[in-house]
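Peer 1: From first to last, the protein sequence lines stand for chains G, C, F and Z.
Oh and the first sequence: position 59 is 59 in this note's numbering, straight run, nothing missing.
Oh and the second sequence: position 137 is 360 in this note's numbering, straight run, nothing missing.
Oh and the third sequence: position 127 is 573 in this note's numbering, straight run, nothing missing.
Oh and the fourth sequence: position 194 is 862 in this note's numbering, straight run, nothing missing.
Here a beta-carbon is modelled for each residue, glycine too, at the ideal position from N, C-alpha and C.
In this text the structure is predicted, and so the values were computed from the model without any measurement.
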Amino acid sequence: MSPGVRLEMRDVARRVARDVPDGAYVNLGIGLPTLVADCVGHDKEVVYHSENGILGMGPAPAPGEEDPELINAGKQPVTLVPGGAFFHHTDAFLMMRGGHIDVTVLGAFQVSETGDLANWATLDATHPPAVGGAMDLAVGAKRVLVLTTHTTRAGEPKLVPRCSYPLTAAGVVDRVYTDLAVLDVTPAGFCVREMVAGLTREDLQGATAAQLSFADDLGVLAP
Amino acid sequence: MSPGVRLEMRDVARRVARDVPDGAYVNLGIGLPTLVADCVGHDKEVVYHSENGILGMGPAPAPGEEDPELINAGKQPVTLVPGGAFFHHTDAFLMMRGGHIDVTVLGAFQVSETGDLANWATLDATHPPAVGGAMDLAVGAKRVLVLTTHTTRAGEPKLVPRCSYPLTAAGVVDRVYTDLAVLDVTPAGFCVREMVAGLTREDLQGATAAQLSFADDLGVLAP
Amino acid sequence: MIDKRVASLADAVAGIEDGATVLVGGFGASGVPVELVHALLDQGTTDLTVVTNNAGSGETDVAALLRERRVRRIVCSYPRSAGSVWFEERWRAGEVELELVPQGTLSERMRAAAAGLGGFFTPTGADSRLAEGKEVRVIGGRRHVFEEPLRGDVALVKAARADRWGNLVYRTAARNFGPTMAAAAELTVVQVDEFVELGELDPEVVVTPGIFVDRVVRVGAA
Amino acid sequence: MIDKRVASLADAVAGIEDGATVLVGGFGASGVPVELVHALLDQGTTDLTVVTNNAGSGETDVAALLRERRVRRIVCSYPRSAGSVWFEERWRAGEVELELVPQGTLSERMRAAAAGLGGFFTPTGADSRLAEGKEVRVIGGRRHVFEEPLRGDVALVKAARADRWGNLVYRTAARNFGPTMAAAAELTVVQVDEFVELGELDPEVVVTPGIFVDRVVRVGAA
Numbered sequence: 001m002s003p004g005v006r007l008e009m010r011d012v013a014r015r016v017a018r019d020v021p022d023g024a025y026v027n028l029g030i031g032l033p034t035l036v037a038d039c040v041g042h043d044k045e046v047v048y049h050s051e052n053g054i055l056g057m058g059p060a061p062a063p064g065e066e067d068p069e070l071i072n073a074g075k076q077p078v079t080l081v082p083g084g085a086f087f088h089h090t091d092a093f094l095m096m097r098g099g100h101i102d103v104t105v106l107g108a109f110q111v112s113e114t115g116d117l118a119n120w121a122t123l124d125a126t127h128p129p130a131v132g133g134a135m136d137l138a139v140g141a142k143r144v145l146v147l148t149t150h151t152t153r154a155g156e157p158k159l160v161p162r163c164s165y166p167l168t169a170a171g172v173v174d175r176v177y178t179d180l181a182v183l184d185v186t187p188a189g190f191c192v193r194e195m196v197a198g199l200t201r202e203d204l205q206g207a208t209a210a211q212l213s214f215a216d217d218l219g220v221l222a223p
Numbered sequence: 224m225s226p227g228v229r230l231e232m233r234d235v236a237r238r239v240a241r242d243v244p245d246g247a248y249v250n251l252g253i254g255l256p257t258l259v260a261d262c263v264g265h266d267k268e269v270v271y272h273s274e275n276g277i278l279g280m281g282p283a284p285a286p287g288e289e290d291p292e293l294i295n296a297g298k299q300p301v302t303l304v305p306g307g308a309f310f311h312h313t314d315a316f317l318m319m320r321g322g323h324i325d326v327t328v329l330g331a332f333q334v335s336e337t338g339d340l341a342n343w344a345t346l347d348a349t350h351p352p353a354v355g356g357a358m359d360l361a362v363g364a365k366r367v368l369v370l371t372t373h374t375t376r377a378g379e380p381k382l383v384p385r386c387s388y389p390l391t392a393a394g395v396v397d398r399v400y401t402d403l404a405v406l407d408v409t410p411a412g413f414c415v416r417e418m419v420a421g422l423t424r425e426d427l428q429g430a431t432a433a434q435l436s437f438a439d440d441l442g443v444l445a446p
Numbered sequence: 447m448i449d450k451r452v453a454s455l456a457d458a459v460a461g462i463e464d465g466a467t468v469l470v471g472g473f474g475a476s477g478v479p480v481e482l483v484h485a486l487l488d489q490g491t492t493d494l495t496v497v498t499n500n501a502g503s504g505e506t507d508v509a510a511l512l513r514e515r516r517v518r519r520i521v522c523s524y525p526r527s528a529g530s531v532w533f534e535e536r537w538r539a540g541e542v543e544l545e546l547v548p549q550g551t552l553s554e555r556m557r558a559a560a561a562g563l564g565g566f567f568t569p570t571g572a573d574s575r576l577a578e579g580k581e582v583r584v585i586g587g588r589r590h591v592f593e594e595p596l597r598g599d600v601a602l603v604k605a606a607r608a609d610r611w612g613n614l615v616y617r618t619a620a621r622n623f624g625p626t627m628a629a630a631a632e633l634t635v636v637q638v639d640e641f642v643e644l645g646e647l648d649p650e651v652v653v654t655p656g657i658f659v660d661r662v663v664r665v666g667a668a
Numbered sequence: 669m670i671d672k673r674v675a676s677l678a679d680a681v682a683g684i685e686d687g688a689t690v691l692v693g694g695f696g697a698s699g700v701p702v703e704l705v706h707a708l709l710d711q712g713t714t715d716l717t718v719v720t721n722n723a724g725s726g727e728t729d730v731a732a733l734l735r736e737r738r739v740r741r742i743v744c745s746y747p748r749s750a751g752s753v754w755f756e757e758r759w760r761a762g763e764v765e766l767e768l769v770p771q772g773t774l775s776e777r778m779r780a781a782a783a784g785l786g787g788f789f790t791p792t793g794a795d796s797r798l799a800e801g802k803e804v805r806v807i808g809g810r811r812h813v814f815e816e817p818l819r820g821d822v823a824l825v826k827a828a829r830a831d832r833w834g835n836l837v838y839r840t841a842a843r844n845f846g847p848t849m850a851a852a853a854e855l856t857v858v859q860v861d862e863f864v865e866l867g868e869l870d871p872e873v874v875v876t877p878g879i880f881v882d883r884v885v886r887v888g889a890a
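#1: Could you tell me which chain Z residues have their CB closer than 8 Å to the CB of C:L340, listed as they occur along the chain?
#2: Would you kindly report the start and end of the unbroken beta strand (DSSP E) that includes F:L494?
#3: Against F:L596, what residues of chain G qualify as contacts under a CB-to-CB distance less than 9 Å, listed in chain order?
#4: Counting along the chain, where does the alpha helix (DSSP H) carrying F:L512 start and finish?
#5: Return the first residue and the last residue of the beta strand (DSSP E) that C:G429 is part of.
#6: Can you name the start and end residues of the beta strand (DSSP E) that F:R583 belongs to?
#7: Inspect the CB distances between the stretch 689 to 703 of chain Z and the stretch 839 to 856 of chain Z and report whether three or more fall short of 8 Å.
#8: How would you label Z:P791, buried or exposed, when you count the other beta carbons within 10 angstroms and need 16 or more for buried?
#9: What separation, rounded to the nearest whole angstrom, lies between the Cα atoms of G:Q205 and G:A138?
#10: If we call anything under 9 Å between Cβ atoms a contact, is C:L258 one with C:P446?
#11: So with Cβ pairs under 9 Å, would you call Z:A889 a contact of chain F?
#12: Would G:G83 and F:G645 be called neighbours here (beta carbons separated by less than 9 Å)?
#13: Around the C-beta of F:K721, are 16 or more other C-beta atoms found within 10 angstroms, so that it is buried, or is it exposed?
#14: Return the Cβ separation of G:D184 and G:K142 in integer angstroms, given the expectation that the two are a contact with Cβ distance under 8 Å.
#15: Would you say G:E113 touches the ligand ZN, meaning its beta carbon is less than 8 Å from a heavy atom?
#16: Within 10 angstroms of the Cβ of C:H350, are there 16 or more other Cβ atoms? Answer buried if so, exposed if not.
#17: Note down, one range per segment and in chain order, each beta strand (DSSP E) of at least 3 residues found wholly within the stretch 550 to 625 of chain F.
#18: Whole angstroms is fine: what's the gap from F:V521's alpha carbon to F:E534's?
#19: Can you say whether F:A668 is buried or exposed, counting buried as having 16 or more other CB atoms within 10 angstroms of its CB?
#20: Quick check: F:L455 and F:V663, are their CB atoms within less than 9 Å of each other?
#21: Please classify Z:A889: does DSSP put it in a helix, a strand, or coil?
#22: Z:Q892 lies in the beta strand (DSSP E); which residues open and close that run?
#23: CB-CB under 7 Å to F:A572, same chain, minus the five flanking residues each way: which ones, in chain order?
#24: Does the distance from the CB of C:T401 to the CB of C:V235 come in under 9 Å?
#25: Less than 9 Å between CB atoms is the rule here; does Z:R759 satisfy it with respect to chain G?
#26: Applying the criterion that 16 or more other CB atoms from any shown protein chain within 10 Å of the CB defines a buried residue, is C:Q333 buried or exposed?
#27: With H, G and I counted as helix, E and B as strand and the rest as coil, what does DSSP make of C:L390?
#28: Shorter than 9 Å from the beta carbon of F:G461 to some beta carbon of chain Z?
#29: Closest Cβ-Cβ distance between F:A631 and chain Z: below 9 Å?
#30: Just checking: is the beta-carbon of F:F567 within a distance shorter than 9 Å of some beta-carbon in chain C?
#31: Going by CA-CA distance only, name the one from F:G564, F:L511, F:A458 and F:S553 that's closest to F:N693.
#32: In chain order, what residues of the same chain lie with their CB nearer than 8 Å to the CB of G:N52, ignoring the 5 residues before and after it?
#33: May I have the straight-line CA-CA distance separating C:V369 from F:I585, to the nearest angstrom?
#34: Could you work out which residues of chain G lie near Z:G834, taking near to mean beta carbons separated by less than 9 Å?
#35: Rounded to the nearest angstrom, how far is the Cβ of F:A601 from that of F:A631, given a contact under 8 Å?
#36: Using a C-beta to C-beta distance shorter than 9 Å, which residues of chain G count as neighbours of Z:S676?
In structure tokens, the structure reads:
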């Protein structure tokens, strides 16, 4: 495929934001997914949840206004919006595990065509493992969206028939947003809903290890 | 035994109160056990728990001062003392079930020599059953004290080798206070610690279906 | 824009279907969402499974549902009380099925549903006939019974104040089952005494965050 | 007379024994009972099992315990972070055993201990290698893994204010693991910024009732 056809991940985050419904309770995974909050329009009222006991998490405070105890899952300082609430960790995870979060956006190492998610551990055993809230969110949120580059830096496909990385959870991913396409996980595998302009179906299939199908109303993935 | 030898249950409650340690977290079952609170001396600071979400329950309010929502487990109006707190039902029962209540005082239909407790259901199947928090308290409190008449109104023993009434919980009772005696449940069965004045060991055994042993330092049960 | 406030009790219970499992808050007369239960009665909804600690008293709330034969099944810890006349009448006639659950297990089962758990082991009731037909396992030398999560299609809850996001605070011991039931149902409907502006409830003090709440109605409103 | 206030950090951690399982509150640097952990370090207690969400950072708190080889085993959801140098060093050298637990399961297992449960089934982790060696059961068509309660001999917690009964309130997201850990340990030791008179904390607002608390120490006190 031609260079430059890939979207910036910030633009893909903007595309994700369009799918976040007004009034939704949303948990954004650490890293790339946090970009989504900046892209949700002010026409929507979205309530952000943080695993450390916050609902109604607001943007980063102004410099000098940081409260060292008021942080998000990525340990960065945040604020609380009017209507927000604090609660303890077990209640925070009750929300995540009990199906109360409408939408979560997560990063991924791999997603399989049956919706299996691998996003917590690599195959590098010299590195100590760490899981955090990844598994709780993946099994518990009503809708699991994945925001990721289509391939690794080394060019290897992340959308695969079967994950070779350790599983986070099986059969949980609903939709994947990459710098090349938006794909739904369907009973028949990955179905491409939107592709970036300038990309052929063959190009996309070539960058994907899993078999793709294409929606009848295939659209253009644009920022 | 001679009539009049039995203590008033209010006096037995006073005896129970002597065994409630300073600083204890205490849950009193409905009915007779509630008498105990009135008998605990002001030299002790005892925190009363109620299953409906109260710690630091105080005495009944003055007439006209009742809050219809602020009631105890027996649905009677109560008050809250300084230092008290409200919490939800699941947390209230976490305290009861998780071993956080130091002492509970319960009524009983029967107690067995192995400490089995029957205090929730009779054998009358025409009456709808009701259990409330009886089982939660019996299994969960650190120390389970039973306050009961030694025999039923019909004169039948309540301290038995094996309960014929439906069990609340097995092996949970630590000590029994009756209008005739104070008895510990030991690995060897009921051991009498105190007896009312004017009662012989034979009298007490005659009013008890289970085999009794007597403490070396047998005392007098007095109000 | 999130606004969970509804204008009337009828709106609050609209769409609750026949056959629903309804969690009804309250302990004795404390914290009972009386007006919501009567709105459900007025709506004619029937064939209900009602999960509640007591079975009502006199002619109000759950007792009225029982009187009007709207309850097929009741899951309850203490259905018998002074004034539980309609429960006893319907139960004796075999017109209502009773599932008796220890009070702490009732609450914990609803919490398990709220938390997405598949069930838990508890020593409560394990030695009793309430464990009959259930899995019993010895854990740490003690008998435990396996209890399943208990989820509601609907929860009816009473609280003191709410904002438009559905954040709730309660009053004294009226809190009782409210926070757990609100989290354990598909549709949570709350009656409150007062609405407050968003941001007026101290974030340290919110007891039920709005994420658990779907509709809020003010009672006593004109 | 109930007075859980102690005069010094040394008194607060007195009697904590070698080999103890210690629950340490905090998430990142938020809500970490730093002074209590250092008091434990100063006391020389060793051979600890530490249950905590992160493994410390730099040279403070749990990182310092790891540096001084006081930790035999760590039960943790996210031991790896910027600055978790001492954890990585000890782990790579095989000097500390790691039990990795999903964060929600970590919290839920401590709550199960607090609530006297024998364990629970959760879908979290059931499809992953963290379920290896554990009982897996299909409930409602979904795989669940059985998780055991996780109890502490000791909990070290940070809160904002306490009264002499040990009633606690927290500050913003520093609440995190505090309430659950306080309820899940045999001995709960709390550091606070401020003592208040009994009755000063609003009973509607107490987050951790004193029943869960054994000792409270004010930090920064002269």
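Peer 2: Considering the structure as presented:
#1: Here residue 340 of chain C corresponds to residue number 117 of the second sequence, with the count starting at 1. Under the 8 Å cutoff, chain Z gives no residues; its nearest Cβ is about 17 Å from C:L340.
#2: In the third sequence, counting from the first residue as 1, residue 494 of chain F sits at position 48. Unbroken beta strand (DSSP E) run through F:L494: L494 to V497.
#3: Mapped onto the third sequence, residue 596 of chain F falls at position 150. Within chain G, no residue comes near F:L596; the closest Cβ sits about 13 Å away, beyond 9 Å.
#4: Position 66 of the third sequence holds residue 512 of chain F. Here the alpha helix (DSSP H) through F:L512 covers D507 to R513.
#5: Taking the second sequence and counting its residues from 1, one reaches residue 429 of chain C at position 206. Where C:G429 is concerned, there is no enclosing beta strand (DSSP E), although the alpha helix (DSSP H) it sits in stretches over R424 to G429.
#6: Counting from 1 along the third sequence, the entry for residue 583 of chain F is found at position 137. From DSSP, the beta strand (DSSP E) with F:R583 extends over V582 to I585.
#7: yes
#8: To locate residue 791 of chain Z, count along the fourth sequence from 1; it is residue 123. Per the 10 Å Cβ criterion, buried.
#9: For this step, residue 205 of chain G is matched to residue 205 along the first sequence. For this step, residue 138 of chain G is matched to residue 138 along the first sequence. Each residue's Cα considered, the two are about 26 Å apart.
#10: In the second sequence, the residue the question calls residue 258 of chain C occupies position 35. In the second sequence, the residue the question calls residue 446 of chain C occupies position 223. Cβ atoms of C:L258 and C:P446: not closer than 9 Å.
#11: Sequence index remark: in the fourth sequence, residue 889 of chain Z carries index 221 (1-based). Bear in mind that a pLDDT of 49 at Z:A889, under 50, signals an unreliable position, so the number given afterwards is only what the model happens to contain. Not an interface residue.
#12: On the first sequence, residue 83 of chain G is found 83 positions in, with the first residue counted as 1. On the third sequence, residue 645 of chain F is found 199 positions in, with the first residue counted as 1. For G:G83 and F:G645, yes; Cβs fall inside 9 Å.
#13: Look at the range of chain F in this structure, 447 to 668, and you will see that residue 721 of chain F is not part of it.
#14: Your numbering for residue 184 of chain G matches position 184 in the first sequence. Your numbering for residue 142 of chain G matches position 142 in the first sequence. At roughly 15 Å, the Cβ-Cβ gap does not stay under 8 Å, so G:D184 and G:K142 are not in contact.
#15: Ligands displayed in this structure: none; no statement on the ligand ZN is therefore possible.
#16: Taking the second sequence and counting its residues from 1, one reaches residue 350 of chain C at position 127. Result: exposed.
#17: 565 to 568, 582 to 585, 588 to 593 and 598 to 604
#18: Within the third sequence, residue 521 of chain F is the residue found at index 75, counting from 1. Within the third sequence, residue 534 of chain F is the residue found at index 88, counting from 1. Cα to Cα, the separation comes out at about 14 Å.
#19: Within the third sequence, the letter at position 222 stands for residue 668 of chain F. Any reading at F:A668 must be qualified, since the residue scores a pLDDT of 43, below 50, and its modelled position is unreliable; the value itself is stated next. Result: exposed.
#20: On the third sequence, position 9 is the one that residue 455 of chain F refers to. On the third sequence, position 217 is the one that residue 663 of chain F refers to. Yes, the Cβ-Cβ distance between F:L455 and F:V663 is below 9 Å.
#21: Taking the fourth sequence and counting its residues from 1, one reaches residue 889 of chain Z at position 221. The predicted model places Z:A889 with a pLDDT of 49, which falls under 50 and marks its position as unreliable, so this point remains unresolved.
#22: Summary: the structure shown does not reach residue 892 of chain Z, with chain Z confined to residues 669 through 890, and so no result is reported for it.
#23: Counting from one through the third sequence, the residue named residue 572 of chain F turns up at place 126. Closer than 7 Å at Cβ, skipping near neighbours: V582, R589, H590 and V591.
#24: Working through the second sequence from its first residue, we reach residue 401 of chain C at position 178. Working through the second sequence from its first residue, we reach residue 235 of chain C at position 12. Taking 9 Å as the Cβ cut-off, C:T401 and C:V235 qualify as a contacting pair.
#25: By 1-based counting over the fourth sequence, the position of residue 759 of chain Z is 91. It is worth fixing the name first, because residue 759 of chain Z is Trp in this sequence and not Arg. Yes, because at least one Cβ of chain G sits closer than 9 Å to the Cβ of Z:W759.
#26: Along the second sequence, one-based indexing puts residue 333 of chain C at 110. Its Cβ being crowded by 16 or more others within 10 Å, C:Q333 is buried.
#27: On the second sequence, position 167 is the one that residue 390 of chain C refers to. Correct three-state label for C:L390: coil.
#28: Start at 1 with the first residue of the third sequence, and residue 461 of chain F comes out as number 15. Output row for F:G461: interface = no.
#29: Here residue 631 of chain F refers to the residue found at position 185 when the third sequence is read from its first residue. Taking Cβ atoms only, chain Z never reaches closer than 9 Å to F:A631, which makes this a no.
#30: Locating residue 567 of chain F in the third sequence gives position 121, counting from the first residue. False, the Cβ-Cβ gap to chain C never drops below 9 Å.
#31: Since the first residue of chain F shown is 447 and the last is 668, residue 693 of chain F is not available in this structure.
#32: For this step, residue 52 of chain G is matched to residue 52 along the first sequence. Only I71, N72, A73, H89 and A92 meet the Cβ criterion.
#33: Along the second sequence, one-based indexing puts residue 369 of chain C at 146. Along the third sequence, one-based indexing puts residue 585 of chain F at 139. The alpha-carbon atoms of C:V369 and F:I585 are separated by roughly 26 Å.
#34: Walking along the fourth sequence from the start, residue 834 of chain Z turns up at place 166. Residues of chain G passing the Cβ test: none, with the nearest at roughly 17 Å.
#35: Locating residue 601 of chain F in the third sequence gives position 155, counting from the first residue. Locating residue 631 of chain F in the third sequence gives position 185, counting from the first residue. With a Cβ gap of about 4 Å, F:A601 and F:A631 count as contacting.
#36: Here residue 676 of chain Z is taken as the residue at index 8 of the fourth sequence, counted from 1. None at all; the shortest Cβ gap to chain G is about 24 Å.
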